[in-house]
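Undergrad: The structure that follows is given in the form of structure tokens.
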Amino acid sequence: MTPWYPIETDRLLLRDFRLEDEGHIYDYASDPEVVRFADWGPSDLSTVRSNLHRRLEDQERWPRDSIEVAVELRSNSYLIGIMRITVLDHTNRTADFGYTFNRRYWAKGYATEGTRALLHLAFSNLSLHRVWATCDVRNIASFRVMEKLGIRREGLFKRARACRWISLPPGRPASTLEPGKRRYKKATT
Ligand SMILES: CC(C)(COP(=O)(O)OP(=O)(O)OC[C@H]1O[C@@H](n2cnc3c(N)ncnc32)[C@H](O)[C@@H]1OP(=O)(O)O)[C@@H](O)C(=O)NCCC(=O)NCCS
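Numbering-wise, the numbering used here comes out as the position in the sequence shown, counting from 1, plus 1.
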């Protein structure tokens, strides 16, 4: 049995991770703007490295319920993000999904294009019955992606996730945040 990916879309390649992806992943995972609605990050290089090794190990198993794919831009072979789909309930054939993209590549339709391909796979190859996702109510971009994909809003969960909001003062560089924390480093001067 072989995996149902890699998948090519017009502009993207959804594929397995590689060791050499480390720098590209660090590029988005260390960006506080990218993780402001997430329950992880901003990540330092060692966290990125250990997560990548975990993904490389996971990729050795097939089939598996949770699949993370690297999203590569076909025009320049840059890894611009990651997408995940996780089968949560085999009896009811349901899964949830998520996505994170490099800020330099936002608002170009990439998340919508990649997720559209993933959802197509979910309902065809994986024969799923229901696929869903959640986002923070302040995460307009994520909400908009789902809206463009025709995903129906079903409810508002209060305090459902340990999502931490990062507010970055203008001009405050990511390097002044402590890795993995929502705390600024003490000034050294
Ligand atoms: C959510 C995310 C994956 C979207 O990726 P993307 O490639 O920019 O998505 P798309 O370009 O396909 O669509 C984004 C849509 O949101 C819109 N949008 C983004 N920010 C917006 C804002 N502040 N106000 C109004 N619309 C906004 C874009 O204009 C676009 O809509 P349009 O095509 O109608 O113009 C990306 O913003 C991201 O990685 N965010 C950080 C991680 C994250 O929050 N992941 C989701 C957790 S639930």
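We put the CB at the ideal spot given by N, CA and C, even for glycine.
Quick caveat: nothing in here was measured; it's all calculated off a predicted structure.
In its own chain, which residues sit with a C-beta less than 6 Å from the C-beta of R19, not counting the 5 before and 5 after it?
TA: Same-chain partners within the cutoff: there are none.
Undergrad: At which residues does the alpha helix (DSSP H) containing G115 begin and terminate?
TA: Residues 111-124.
Undergrad: Should G156 go down as buried or exposed, given a rule of 16 or more other Cβ atoms within 10 Å for buried?
TA: Exposed is the call here.
Undergrad: Starting from the Cα of L80, find the closest Cα among L57, E34, W63, T101 and give me that residue.
TA: Closest by alpha carbon: T101.
Undergrad: According to DSSP, simplified to helix, strand and coil, what is F144?
TA: In the structure shown, F144 sits in a helix (DSSP, three-state: H, G or I).
Undergrad: Return the CA-CA distance between R94 and W41, expressed in angstroms with no decimal places.
TA: When rounded, the distance between both Cα atoms is 28 Å.
Undergrad: Classify G42 as helix, strand or coil using the three-state DSSP reduction.
TA: If DSSP states are grouped into helix, strand and coil, G42 belongs with coil.
Undergrad: The alpha helix (DSSP H) spanning G24 covers which residue range?
TA: Start and end: 23-30.
Undergrad: Given L74, which residues of its chain have a CB within under 6 Å of its CB, disregarding the five upstream and five downstream residues?
TA: Excluding residues within five positions, the ones whose Cβ falls inside 6 Å are I81.
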